[in-house]
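Worksheet for the structure shown next.
Numbering (this note's numbering), first residue to last: 1 to 574.
See the structure below:
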């Protein structure tokens, strides 16, 4: 019997009715020209937050960015120019922009044009996303704006970037508002729209008249309050997790560091999120529960949450870091060399607030949980290795693309058999220990065994042959020979870290070494043979007692008696 297709149901409650503070029905809008930016409404939201939300300002300091864009002068007249902020004057209220650069962004501050930009910025020549951000500042009365491409010098050999990137966590944390160009794929798309399209998000009365798939159900709260909600199907709704900005690596820390963000989510929809609540303009069709429970879960746990005086167990902090790394690695970045840079502000926050529990930051990992965090694997197939080495082989930052860290193993730290003896990582820039590294190594001790893995290739037929012939060979999987698992299989799948690690078609078998990370001494297969389920790092020999990681095998089944004979060795991973 096949499983039925899942159906997503929207939950709506008319405004003013019981339950409307939890599930909110969008209001019906007229069919005339509508803008997705309501300056008066946003100004009201910001004022309310600054006046009434004590938790939204706890992390802010008086620091101001080195440079800002002044979008109107002291008399309120529009006049954009780049200014060097006088730190002695105290904090300036400013907005920051979070957006996707995309390709062909030529609006940059350089050593040759900075003097001209200090004199005047020709707003008409700026890409639409920048112009829209300036419009928001005008609308809500913020005189200053911070945009990375214009406020950081881009062509001085990286000197200014190196200084400014170490301060970016402060720039977003101290911004009065972070403007998020959620739906813009690049700097030219913009995010403020005028539209005459009648909203797909209508009032409840309209929905009831036009959609047959409706029912009303009772809701009971823990306080025994009772009200009814309407379930509906088929309404077009916004999914923030699919926004282009949420696919950009840099934007993760920009979102998490900002105490107050304004999201331009659809051509008609607008929402503001702070540490206390979310507000939307009722032209964005999702309930507050849907936003908090589904989309905001991408960003938990909030680094601000931990600063409110609440203490978290060290393991939960380590787990939250790995969750952020998973989210981060699934995102895209223009420059692969930014892998450790674009998450450095979050690393700084974790290290500053929780360094005593987490330990030292080591190339994307925390020293107190270093062994625990080595069990990552490349997800969605191995990608080509970076053109230049940017992290030691054992670090997740050494590979491209998304990662997968098995929850089953992470939730059982007592099963971790690998012991870290010592570690070292040399930062590229001494002043930024949370940034890129020049080198790194860890000395570890665990069970160790020589082995071999082999690559399986499959024949692909059809007109898409890469070499012009009717068929070609494509990599399928890597395997390592072991003992029987509960299904009786003795070939166990291993995951290469990059495509360069895969044995070739002409030599599909390669010698490797296995270093035990986890084992499960209680595993027993269906035939009653006491076999051990082992997770191993797959290593390649470099020199005497020195190895580099090239993959991982999560479920290698080995007879217990054989496994106990594996030698325990001390080796160095580079």
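Backbone N, C-alpha and C fix where the C-beta goes; we use that ideal spot for every residue, glycine too.
Have a look at the options and flag the residue whose alpha-carbon is nearest the alpha-carbon of residue i.
i	options	result
residue 403	49, 568 and 551	551
residue 370	416, 62, 389 and 383	416
residue 399	115, 500, 178 and 428	500
residue 82	38, 54 and 152	152
residue 269	459, 567 and 38	38
residue 570	515, 531, 144 and 273	515
residue 496	86, 489 and 540	540
residue 491	521, 517, 505 and 451	451
residue 547	41, 564 and 445	445
residue 440	170, 574, 219 and 505	574
residue 335	91, 362, 318 and 387	387
residue 425	392, 457, 454 and 477	392
residue 184	567, 109 and 264	264
residue 251	542, 220 and 341	341
residue 498	76, 154 and 382	382
Which whole-angstrom value is the C-beta distance of residue i and residue j, which I expect to be below 8 Å?
i	j	result
residue 314	residue 357	4 Å
residue 397	residue 364	5 Å
residue 258	residue 328	With 8 Å as the limit, residue 258 and residue 328 do not qualify as a contact, their Cβ atoms being about 16 Å apart.
residue 70	residue 80	7 Å
residue 472	residue 460	6 Å
residue 130	residue 107	6 Å
residue 97	residue 147	5 Å
residue 176	residue 93	5 Å
residue 191	residue 132	5 Å
residue 169	residue 345	3 Å
residue 276	residue 91	At roughly 21 Å, the Cβ-Cβ gap does not stay under 8 Å, so residue 276 and residue 91 are not in contact.
residue 150	residue 109	5 Å
residue 549	residue 453	Contact flag wrong, Cβ pair sits at about 13 Å.
Identify the continuous alpha helix (DSSP H) that holds residue i and give its terminal residues.
i	result
residue 187	From DSSP, residue 187 is part of no alpha helix (DSSP H); its letter is neither H nor E.
residue 84	From DSSP, residue 84 is part of no alpha helix (DSSP H) but of the beta strand (DSSP E) over 78-84.
residue 129	128-140
residue 67	Element bounds for residue 67: not the alpha helix (DSSP H) but the beta strand (DSSP E), 67-72.
residue 341	Element bounds for residue 341: n/a, residue is neither H nor E.
residue 317	314-329
residue 370	Looking at the DSSP string, residue 370 is not in any alpha helix (DSSP H), and its letter there is neither H nor E.
So if DSSP puts residue i in a beta bridge, which residue, or which two residues, is it bridged to?
i	result
residue 272	262 and 279
residue 567	448
residue 518	416 and 535
residue 559	531
residue 365	362
residue 377	404
residue 478	455 and 494
residue 35	194
residue 94	144
residue 332	248
residue 75	Answer by DSSP bridge pairing: none, since residue 75 is not bridged.
Once DSSP output is grouped into helix, strand and coil, what is the label at residue i?
i	result
residue 217	strand
residue 251	helix
residue 160	helix
residue 292	Caution is warranted here: a pLDDT of 38 is assigned to residue 292, below 50, making its placement in the model unreliable, and no coordinate value can be reported.
residue 576	For the chain, the structure presents residues 1 to 574; residue 576 sits outside this window and is missing.
residue 99	coil
residue 197	With a pLDDT of 45 at residue 197, under the threshold of 50, the modelled position of this residue cannot be trusted, and the question is left open.
residue 550	strand
residue 202	Confidence in residue 202 is poor, its pLDDT being 38 and thus under 50, which makes the residue's placement unreliable; the coordinate value appears in the next sentence. Three-state result, residue 202: coil.
residue 491	strand
residue 50	helix
residue 510	strand
residue 573	strand
residue 124	helix
residue 44	helix
residue 178	strand
residue 64	coil
residue 352	helix
residue 236	Reliability fails at residue 236, whose pLDDT of 42 lies under 50, so the model's placement of it is uncertain and no value is given.
residue 486	coil
What are the start and end residues of the beta strand (DSSP E) that includes residue i?
i	result
residue 394	Segment: none, residue 394 is in no beta strand (DSSP E) and carries neither H nor E.
residue 461	437-461
residue 359	Note, residue 359: premise wrong, no beta strand (DSSP E); not H, not E.
residue 421	419-427
residue 145	144-146
residue 108	Unbroken run through residue 108: none, as it is neither H nor E.
residue 170	Where residue 170 is concerned, there is no enclosing beta strand (DSSP E), although the alpha helix (DSSP H) it sits in stretches over 168-173.
Under 6 Å from any heavy atom of the ligand NAD, does the C-beta of residue i make it?
i	result
residue 51	This structure simply doesn't include the ligand NAD, nor any ligand for that matter.
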